[in-house]
Structures are given as C-alpha cells and as structure tokens.
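Notes for the one structure printed next.
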Amino acid sequence: MARIDLDHIRHAYSPNPKSDKDYALKEVHHSWEDGGAYALLGPSGCGKTTLLNIISGLIHPSHGQLLFDGVDVTTLSTQERNIAQVFQFPVIYDTMTVYDNLAFPLRNRGVPEAEIDRKVRETLEMIDLASWAKKKARGLTADQKQKISLGRGLVRSDVNAILFDEPLTVIDPHMKWVLRSQLKQLHQRFGYTMVYVTHDQTEALTFAQKVVVMYDGEIVQIGTPEELFERPKHTFVGYFIGSPGMNVMPVKLSGGMAQIGSHQIELPSPVMPANAKIIELGIRPEYVRLGRAGMPVKIAKVEDIGRHKIVRTRLENQDIAIIVEEGGDIPAEPHIAFDPKGINIYADSWRVGGQ
Ligand SMILES: Nc1ncnc2c1ncn2[C@@H]1O[C@H](COP(=O)(O)OP(=O)(O)OP(=O)(O)O)[C@@H](O)[C@H]1O
C-alpha cells in the first residue's frame, strides 16, 4: 500500500480555464498516509469523483502532480498505477462463477493457484458468499453482484490503494451496515490505503479514520469525525455534518463579546478577525441549553425522534435548533444559553481563533 501525495492538483474539464469557477477541482494539496482510510464526502457536483478519477488515472489533472510513495504517477495509466477500484454498479463477469470472478485479477497477475485459492476463500468468507462459490454470477441479485465487485477490490494484497466510488448504493440498508463494518475491520486488519467516495455522512463517519469534506471543488476540511463535529473549519462542514447541522448566525464582535440581535454572549476566547465581510457564530444544537435562564426564545416546533427531541426555536429573527435529551424539560417560558465549549467564530465562512 502507498502514501498518496496530491501536489497542487487542479482540474478543469474545459480546455481554456480562465478563473477559479472554470475548475471542477480547485487546488488540492495534501498528503494521505500509507494505510489510511479516507472518505471523500460532499454534495453532488462538489468534485469527489473528479478527485477519485485523478487518483485512479481515469483523468489526468490539468495542473499538479500525483505521487504514490514519492513516485510521480501523474501520467501513468490506471493499470500501471496498480490500484483496485470498486464502482457504484457491479463490474463482474456474468458467465464466470463467483469463485472465478474473484480469482480472475489474481490469475491475470500470475499468482500461484494455491495462493489464489487461499485468498479467494478468505474473501468469499468476508463478503459472505462462500456457499455461492460455484454458482454462475449471472443468477445473483444486484447486491450479491456488488459484493463480488467489493471482493474483487479486496482480493489483491499487492495494490497501492483501493478506491471505492459510492460502492453501497445498490445494497439494501441492512447489508450496507454489515459491509461497512466489514470494510472497517478489514482496514484495521490489513492496513489497506482506502479512499471511499460518498455523499452520505453516516457512511463516511462510520467507515473512515479521516473524512475529507469537499464543497464547490475544494477540500474544506480533513479531520476525524470528532474534529468535524467539534471544530468545523468551514460553516459548510457545520451544516453538512450533524443532524440537524450547526446553527450559524451573524454576530458583531467587540471586547471578547458577540452580539446576537439585542443579546451579548461572552466568547470563550476573544477573537477579532481583520477585514472580514461576514462574521458568524456557529454552535451545534447539542451545545445549546434550553432552560429558564439566558436568552428568551419562542418555540416553533418540537420533533420527537426517539432518544432525543429536536426543538426548533426563534431567538428574535434567528432560527436556533436545540437537541434536548430524553426526559429533558421544555419550560413554559423557554430561554437558551450557549455552552462556551461549543462556540465557534467564522470570518467569511472560515473558522478563526482558538484550538
Ligand atoms: N466529463 C465532464 N465534463 C464536464 N464537466 C464535468 C464532467 N464530469 C464532471 N463534470 C463537472 O465537474 C464538477 C464536479 O463533478 P464530480 O462528478 O466530480 O462531482 P461529485 O462530487 O462526484 O458529484 P456526484 O456525487 O453527483 O457524482 C461538476 O460541476 C460536474 O458537472
């Protein structure tokens, strides 16, 4: 497996890009660790597939270099890069048996039959298709076929990386959960370098050690699930991760205080961003306390979703969502207070100050 360096990579699909908006992928400059499990997460059209295809060699970037373990592979073909790929829809040979589908990539590389047999059986167990080994792939259901595709990605241990492009789209919800957990276990056991594209935050947060959040052709944050939750670097990360997402509201700052409408809130550490057009305060619904002291709010809606409630409130002109744990009280004259450890300040959408 390999470390992946993305060295000042940019990509435009049009031949003569002039400004930033002509680039599907704005500048990406990062190192991804050997043996890391990365999820590329973001909304449709943000550039996830473009970035994955640059890593796999299906696209050659307009600018920059791609290195595997320090070796420049930017102009190499997909085959020369020695990677395994699993796509959204099954890529298998219908006329071959399940066993032969998995053995195929190994036979192609001249792996000895005894080794092939060991790897194929191990992979069949992993994807829970051992009893189907001798069946032709043609007769299988869509999710069994996709499991074979996953198996073909996992059967080779000599690859530089395994790339997954929304591989669980056709899998039924329960099996999705099972396969995701299995992929995670496999990663822990064998230390594959994995890059996994998804627009589903649950999928990204349960699979990856590091989640790469993309927005409008840019990587806005790379972090552990905890970092993305606690310290979103960009307001988009705040909105996109979490359910509901972070509350973001315009504020005025002065002398260590933030003013929201007619209310003053003390900041945990004073910040004073220079030259920002828009200053905002972000706080997750989990860090807003509902009680009898603090800023008075009106309750717009209460959504009971089992273990907790989402209480939608209005603070003057501002919508604020709050998570109230099971058994939590909703007072007749509700007030809110912000837990200082959940307060983040943003200047033109980027987080400023603090740890
Ligand atoms: N072959 C292409 N030619 C021109 N523009 C393209 C091409 N492929 C993608 N794009 C554009 O590049 C941008 C990024 O697309 P990309 O497919 O990488 O996003 P994505 O995050 O993977 O989206 P999705 O989740 O919908 O697959 C989009 O604006 C898209 O319209």
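Sequential numbering from 1 applies to the sequence shown in full-length UniProt numbering. In this text, a Cβ means the ideal position worked out from N, Cα and C, and glycines have one as well.
Rounded C-alpha distance that separates residue i from residue j
i: Asp117; j: Ala103; result: 8 Å
i: Asn160; j: Gly151; result: 16 Å
i: His199; j: Thr224; result: 17 Å
i: Asp158; j: Arg109; result: 10 Å
i: Pro273; j: Ser262; result: 21 Å
i: Asn53; j: Ile59; result: 5 Å
i: Lys147; j: Gly291; result: 50 Å
i: Arg107; j: Glu113; result: 8 Å
i: Asp348; j: Arg189; result: 42 Å
i: Val98; j: Trp132; result: 7 Å
i: Lys210; j: Ala332; result: 43 Å
i: Gly282; j: Ala204; result: 22 Å
Candidates the options: closest to residue i by CA position
i: Asp143; options: Ala130, Asn247, Val155, Asp172; result: Asp172
i: Glu166; options: Gly256, Phe87, Lys176; result: Phe87
i: Gln264; options: Pro250, Ala332, Ala274; result: Pro250
i: Val352; options: Gly245, Ala208, Val271; result: Val271
i: Leu40; options: Ile320, Leu290, Gly245, Thr206; result: Thr206
i: residue 365; options: Pro268, Pro334, Arg307, Ser56; result: Within the shown structure, residues of the chain are numbered from 1 to 355, placing residue 365 beyond reach of any answer.
i: Gly191; options: Val212, Ala204, Leu168, Ile162; result: Ile162
i: Ala12; options: Ala2, Glu27, Ser131, Phe68; result: Glu27
i: Ala84; options: Glu203, Gln188, Gly57; result: Gly57
i: Glu326; options: His308, Phe338, Leu168; result: His308
i: Met1; options: Pro296, Trp32, Glu266, Ser14; result: Trp32
i: Thr141; options: Met175, Glu122, Val120; result: Met175
Residue(s) in a DSSP beta bridge with residue i
i: Met257; result: Ser254, Glu266
i: Asp319; result: Arg314
i: Gln221; result: Val213
i: His8; result: DSSP lists no partner for His8.
i: residue 356; result: Residue 356 lies beyond the range of the chain shown here (1 to 355); nothing can be said about it.
i: Gln85; result: Leu163
i: Trp177; result: DSSP output for Trp177 lists no bridge partner at all.
Exposure label - residue i; buried when at least 16 CB within 10 Å
i: Ile305; result: exposed
i: Ala37; result: buried
i: Trp350; result: exposed
i: Arg284; result: buried
i: Ser181; result: exposed
i: residue 358; result: Residue 358 lies beyond the stretch modelled for the chain, which goes from 1 to 355, so this question has no answer here.
Exercise for review: Pair every Cβ in the segment 229 to 236 with every Cβ in the segment 58 to 73, then say whether three or more of these pairs are closer than 8 Å.
Suggested key: no
Check your understanding: How do the segment 16 to 28 and the segment 84 to 99 stand: do at least 3 beta-carbon pairs fall below 8 Å, yes or no?
Key -> no
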